[in-house]
Amino acid sequence: MSEDPKISGARIEVERARAALLDTANRLLERFQPHNLVDDIWEQAKNKGADLAEDAVDAVAKRPVAVGSVVAALAMFLAREPLKKATVKFYDAMTPLFEPRSKAVALKEKRASTPARAPVKKAPAKRTTKAPRRPVAKKTEKA
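Numbering (the numbering used here), first residue to last: -13 to 129.
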């Protein structure tokens, strides 16, 4: 018995469709493997980072003074403690050339050199409790 050419053509078409479907399913399974997903995400992140870096370079090229000022301010903020310590050390190193005395001695002498003031008299403190009253003697009339 021989098959009708339409039926054999349909079977061939079904086999092609089945092969295409299996090929698509295999590609999807391969694509959704965890290591492949991670690789795709990593590539996207690298591309996005490169775009951001390129935009940043363009912004710096447009406004170099403003960007330099911001970077300098940020650096000074982050290094404030070392800068403060370096300034104090520099001041301490330069101080003996101009002020040979210690700060405590200089302060004491300044206090001693101020003019003496007259002692201030304090008002007597007010009593907070009442003292008992003395009985007053009555005056008598003389006749």
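Backbone N, C-alpha and C define an ideal beta-carbon position, used for all residues, glycine too.
Range of the contiguous alpha helix (DSSP H) that encloses residue i
i      : result
Arg131 : Shown here, the chain extends from -13 to 129; a query on residue 131 therefore has no answer.
Ser55  : 50 to 64
Sequence-distant residues of its chain with Cβ nearer than 8 Å to residue i (five each side left out)
i       : result
Asp41   : none
Ala(-4) : none
Val43   : none
Proximity below 9 Å, CB of residue i to CB of residue j
i     : j     : result
Val53 : Ala45 : yes
Leu69 : Met62 : yes
Proximal residues to residue i (C-beta, below 6 Å), its chain only, five neighbours per side dropped
i      : result
Thr73  : none
Trp28  : none
Ala141 : The structure shown does not extend to residue 141, since the chain spans only -13 to 129, so no value can be given for it.
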